[in-house]
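**Q** The listed protein sequences derive, respectively, from chains E and D. Start counting the first sequence at 1; every next residue gets the next number (the numbering used here). Start counting the second sequence at 1001; every next residue gets the next number (the numbering used here). Glycine residues also receive a C-beta, built at the ideal position from the N, C-alpha and C atoms. Please find one structure pasted underneath; my questions will follow.
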Amino acid sequence: EVQLLESGGGLVQPGGSLRLSCAASGFTFSTYAMTWVRQPPGKGPEWVSTISGSGGSTYYADSVKGRFTISRDNSRNTLFLQMNSLRAEDTAVYYCAKGRDSSGFYSRACDSWGQGTLVTVSS
Amino acid sequence: DIQMTQSPSSLSASVGDRVTITCRASQGISNYLAWFQQKPGKAPKSLIYAASSLQSGVPSKFSGSGSGTDFTLTISSLQPEDFATYYCQQYNNYPITFGQGTRLEIK
């Protein structure tokens, strides 16, 4: 059974940084792309970033480009999201999700999601 | 960016009904479309990918169709556990984008 467990969320001041982690189990982690999706309170989901199975390709939403960095450690089955220069509009539940392939179109389609971790950016 | 527009935004139906939700893309996305179900306080759950392929473990009462710009999600024989918010998502191009959601409520 696929399991994804996010951690690292919390309250941070504007301009601050957080590092989210997603511990994966139940599948061969290195052979699937991974994605971060966020959901602001009361709103719909928003795609944030995707990384290929090898980690060699990364993609970002314009709203986070230059501030957030996605990475993975395939030896530890863990996905990361380093978030810098945080803004109030980054406040959301952040979900990690597993892709359906390592790269290509189906790598962008997610079949399993974690339970989410809440990030609150406020002074 | 590709805009995804769902209709209706909300829908009231009764147990046992059959409902259809529509999703339209602002440009052609072939069949690179997924549908998700989300209940309050829970993570999204994958229902359909590749426009019409059923996610493993999802009951066959859920079905998807369409290609290009127009897509539908049909849910037959509604049960209490089906009342939730449904989102479409395109993954043809980056940035990946979602529809605004359709809230399915009990009449």
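Sort out for me which residues DSSP pairs residue 99(E) with in a bridge.
**A** Here residue 99(E) is taken as the residue at index 99 of the first sequence, counted from 1. DSSP lists 110(E) as partners of residue 99(E).
**Q** Quick check: the region 53-62 of chain E against the region 86-103 of chain E, are at least 3 beta-carbon pairs closer than 8 Å?
**A** yes
**Q** So what does DSSP say about residue 105(E), is it helix, strand or coil?
**A** Residue 105(E) sits at position 105 when you count from the first residue of the first sequence. In this structure, residue 105(E) counts as helix in the three-state DSSP scheme.
**Q** If you measure beta-carbon to beta-carbon, which residues of the region 1071-1091 of chain D are closer than 7 Å to chain E?
**A** 1087 and 1091
**Q** Determine the burial state of residue 1095(D): buried for a count of at least 16 other Cβ atoms within 10 Å of its Cβ, exposed for fewer.
**A** Mapped onto the second sequence, residue 1095(D) falls at position 95. Classification for residue 1095(D): buried.
**Q** Does any residue of chain E bring its CB to less than 9 Å from the CB of residue 1027(D)?
**A** The count along the second sequence starts at 1 and reaches residue 1027(D) at position 27. So, not an interface residue.
**Q** Would you please verify whether the beta carbon of residue 27(E) is less than 9 Å from any beta carbon of chain D?
**A** For the purposes of this step, residue 27(E) is identified with residue 27 of the first sequence, where counting begins at 1. For residue 27(E), the answer is no, since every Cβ of chain D falls outside 9 Å of its Cβ.
**Q** Kindly confirm or deny that the region 1010-1025 of chain D and the region 1071-1082 of chain D touch, where touching means at least three C-beta pairs closer than 8 Å.
**A** yes
**Q** With three or more beta-carbon pairs closer than 8 Å as the criterion, would you say the region 15-32 of chain E touches the region 1081-1095 of chain D?
**A** no
**Q** Under 9 Å Cβ-Cβ, which residues of chain D neighbour residue 95(E)?
**A** The sequence position of residue 95(E) within the first sequence is 95, counting from 1. Simply 1043 and 1044.
**Q** Which stretch, first to last residue, makes up the beta strand (DSSP E) that contains residue 46(E)?
**A** Along the first sequence, read from residue 1 onward, the residue named residue 46(E) stands at position 46. 46-51 is the span of the beta strand (DSSP E), which, as asked, contains residue 46(E).
**Q** Report yes if the CB atom of residue 121(E) is closer than 9 Å to the CB atom of residue 13(E), and no otherwise.
**A** By one-based count along the first sequence, residue 121(E) stands at place 121. By one-based count along the first sequence, residue 13(E) stands at place 13. Going by C-beta atoms, residue 121(E) is nearer than 9 Å to residue 13(E).
**Q** Who are the neighbours of residue 45(E) on chain D, taking C-beta pairs under 9 Å?
**A** Within the first sequence, residue 45(E) is the residue found at index 45, counting from 1. Under the 9 Å cutoff, chain D gives 1036, 1038, 1044, 1087, 1089, 1098 and 1101.
**Q** Applying a beta-carbon distance threshold of less than 7 Å, which residues of chain D neighbour residue 82(E)?
**A** Within the first sequence, residue 82(E) is the residue found at index 82, counting from 1. Those do not exist, as residue 82(E) stays about 19 Å from chain D at its closest Cβ, beyond 7 Å.
**Q** Can you check whether the CB of residue 68(E) is closer than 9 Å to the CB of residue 79(E)?
**A** Taking the first sequence and counting its residues from 1, one reaches residue 79(E) at position 79. Taking the first sequence and counting its residues from 1, one reaches residue 68(E) at position 68. The answer is no: Cβ separation not under 9 Å.
**Q** Can you say whether residue 1005(D) is buried or exposed, counting buried as having 16 or more other CB atoms within 10 angstroms of its CB?
**A** As a working mapping, residue 1005(D) is identified with position 5 in the second sequence. Exposed, because fewer than 16 other Cβ atoms sit within 10 Å of the Cβ of residue 1005(D).
**Q** Within 9 Å of any Cβ in chain E, is that where the Cβ of residue 1013(D) sits?
**A** Along the second sequence, one-based indexing puts residue 1013(D) at 13. Cβ-Cβ to chain E under 9 Å: no for residue 1013(D).
**Q** Three or more C-beta pairs under 8 Å: does that hold for the region 1021-1035 of chain D against the region 11-25 of chain E?
**A** no
**Q** For residue 1059(D), decide whether its Cβ has a neighbour in chain E, counting only Cβ atoms nearer than 9 Å.
**A** Residue numbering aside, residue 1059(D) sits at position 59 when the second sequence is read from its first letter. Not an interface residue.
**Q** Please compile the residues from chain D whose C-beta is within a distance smaller than 7 Å of the C-beta of residue 110(E).
**A** Locating residue 110(E) in the first sequence gives position 110, counting from the first residue. Going along chain D in sequence order, the residues near residue 110(E) (Cβ under 7 Å) are 1046.
**Q** For residue 105(E) and residue 1092(D), what's the separation of their Cα atoms in angstroms?
**A** Here the question's residue 105(E) lines up with position 105 in the first sequence. Here the question's residue 1092(D) lines up with position 92 in the second sequence. One C-alpha to the other measures close to 7 Å.
**Q** When DSSP builds the beta bridges, which residues end up paired with residue 1106(D)?
**A** Within the second sequence, numbered from 1, the residue matching residue 1106(D) stands at position 106. Residue 1106(D) is bridged to 1013(D).
**Q** List the residues that DSSP assigns as beta-bridge partners of residue 1058(D).
**A** On the second sequence, position 58 is the one that residue 1058(D) refers to. Residue 1058(D) pairs with nothing; no bridge assigned.
**Q** Verify whether the separation of the beta carbon atoms of residue 16(E) and residue 117(E) is less than 9 Å.
**A** Mapped onto the first sequence, residue 16(E) falls at position 16. Mapped onto the first sequence, residue 117(E) falls at position 117. No.
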